[in-house]
Amino acid sequence: WDRKSILAKKDPGITLMLDCSGSMSYPHEKIDQAFRGIILVAEVLNRLQIPFAIYGFQDELIEFKSFGRPFDDTVRDELGEAPLETPGNRPGGHNEPGSNHDSTVVREAGDELLAQPFQTKIMIVLSDGQPTGPAGEDHNGSMLKRTVKGLSEKGIIMIGVGIGAGTEHVARFYPNSIANVPLPAFADTLGALLERLLTVADEAAQGDA
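Each number in our numbering corresponds to the 1-based position in the sequence shown with 93 added.
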């Protein structure tokens with residue numbers, strides 16, 4: 094990522110979604126590695142001037158950076174507190190780690206992404222567990238499947254990334270997925286995924302020129 098050139102056309106818009114449920118605290122390395130990956134991607138996108146948003150999620154979205162907000166030191170500081178949401182002790186935070194209502198939060202973030210003017214819209218969801226829902230109503234993930242299918246049909250490139258072992262389920266919910274990413278390799282894996290996505294977007298933009 095030290096290359097001097099940037100994309101010929103800064104067309105993509107990317108939403109990053111980070112699971113902040115309690116399971117991300119065990120082992121603690123899980124949220125640490127996920128956080129490192131998010132920071133890597135955010136710094137790269139910021140340098141390339143590619144619009145992006147970052148949300149944590151539990152029973153609702155936890156905003157760290159919206160599309161209209163600059164990625165400045167204040168946002169970096171707030172994002173640095175994201176790991177504290179998983180045990181539920183972030184000062185002034187949402188702190189509801191007992192829930193991960195994936196279908197609800199993915200739909201809300203997807204609607205926001207659809208409202209943006211980008212030609213290429215990408216959502217990357219980082220998670221380690223099965224989705225739930227209000228009163229456990231999405232225990233089999235059917236609601237999430239419908240949500241992801243609907244957003245995909247509207248043009249969003251939906252990608253699920255499974256943090257750690259036992260995350261094969263992401264392949265059932267997302268049309269594009271990487272499962273069982275080893276924790277020590279998580280940041281590198283996420284960085285490589287981003288590079289592939291931006292390369293494809295760049296080639297498409299140049300083809301349209």
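Beta carbons: idealized from backbone N, C-alpha and C, even for Gly. No experiment lies behind these values; they were computed from the predicted model shown.
Closest residue to Val274 among Asp221, Lys238, Arg239 and Leu237 (Cα-Cα distance): Asp221
Gly106 vs Phe279 beta-carbon contact at 7 Å: no
Reduced DSSP category for Ser118 - H, G, I as helix; E, B as strand; rest coil: helix
Exposure of Pro190, with buried meaning 16 or more beta-carbon neighbours within 10 Å: Taking all protein chains in view, the Cβ of Pro190 is crowded by 16 or more other Cβ atoms within 10 Å, so the residue is classified as buried.
Distance, Gln212 Cα to Ala285 Cα: 22 Å
Where Asn193 falls, given that 16 or more other Cβ within 10 Å makes a residue buried: buried
Presumed contact (8 Å Cβ cut-off) between Gly253 and Ser270, rounded CB distance: 4 Å
Presumed contact (8 Å Cβ cut-off) between Cys113 and Gly161, rounded CB distance: A Cβ-Cβ separation of about 22 Å leaves Cys113 out of contact with Gly161 under the 8 Å criterion.
Where Leu109 sits in the DSSP three-state scheme: strand
Chain-order list of residues whose beta-carbon lies under 8 Å from that of Ala135 (same chain, five-residue window excluded): Leu109, Phe145, Ile147, Lys158, Phe164 and Leu172
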